[in-house]
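Reading through the structure tokens given below for one structure.
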Amino acid sequence: MMLSLWRERQWRKRGVVGVLVGVLLGGAMLGGVPAGAAGTQGDDRAPESFVALSDVDPTIRHDIRYETAHNFVGRRVLGYQEPLCLLTRETAEALREVQRAALARGYTLKVYDCFRPQRSVDDFVRWAQQDGNARMRDEFYPRIEKSRLFPEGYIAERSGHSRGSTVDLTLVELPAQPQRPYRPGEPLTECFAPEGERFPDNSIDMGTGYDCFDELAATEAPGVGDEARANRFLLRGLMADAGFSNYPLEWWHFTLDDEPYPDTYFDFPVARRSLTAN
């Protein structure tokens, strides 16, 4: 789900302002982009500071949804050529610290999305503006019309994921149970349905599925049960200890506080060949 600039403004108007403000509005001169500007780098090669998370910590599980058909679009998203998690090295190393803490508690991290190319964001926008093709609505946005996703800020023209230091993730209890693959065309269940009814993710219960376009996805949503609320707070605490801030409207979404590219949005594909070091 996009980190919408519109939704950020609404969030701030409600007074929920924290350290993420500095992350999102960073003022450093990076990547040749002056403070306050938002530049897009269109090279198909990543900067040398980007790495594959699996090279930094191979114990972290991957479930890269946009490389599959199990997402709100219902097909592989443009730009996702391999099921990889690419991140800035600083972010990957911070996640390695989170993983150590999670393992000590009997859990492992599982990432759903990491770096997201600008071309993928553009693909979301085009999809949102097209009539029809709402076949995944019953699972991912059952309480909102597709035509409202862009106006209401669930999809935006820019995403913090394109800066390389934002990650969508969850916790899986060890030993991890196998997770069956999504079968295109199978019956769909609302992402906010009880754990035993919605799609069988092997994540601990977070109250909703990943990428649930719904108010219940907010980290502190009052309608979530006690167990799911405690699980969300556990994840948020582990991430905060390693220098990440949570986006309050999405329990799975975290950005490294000291991200190295706060104003630069990259557009290389999610593929091993994008890494200049390989």
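Taken in order, the sequence shown gives residues 1 to 278; the numbers are from the UniProt record's numbering.
All residues carry an ideal CB built from backbone N, CA and C; glycine is no exception.
All values derive from a computational prediction rather than experimental measurement.
When secondary structure is reduced to three states using DSSP, F233 falls in the helix class. For F192, the CB contacts under 7 Å within the same chain, skipping 5 residues up- and downstream, are T208, C212, D214 and L216 in chain order. Across the set T88, N231 and L235, the C-alpha of L235 shows the shortest separation from the C-alpha of R100.
Scanning the segment 76 to 124 from its first residue to its last, the whole alpha helix (DSSP H) runs of 4-plus residues come out as 89 to 104.
Rounded to the nearest whole angstrom, the CA to CA distance from T88 to E152 is 30 Å. A distance below 7 Å between beta-carbons, with the five flanking residues on each side excluded, links T40 to the following residues of its chain, in chain order: Q118, Y265 and D267. The three-state reading of DSSP puts L275 in strand, counting E and B together. Taken through DSSP and simplified to helix, strand or coil, Y141 comes out as coil.
For R61, the secondary structure class from DSSP, reduced to helix, strand or coil, is strand. D257 is bridged by DSSP to nothing; it lacks a bridge partner. Proximity of the segment 163 to 178 to the segment 141 to 155 falls short of the contact definition, fewer than three beta-carbon pairs being nearer than 8 Å.
A direct Cα-Cα distance of roughly 10 Å separates D226 from D205.
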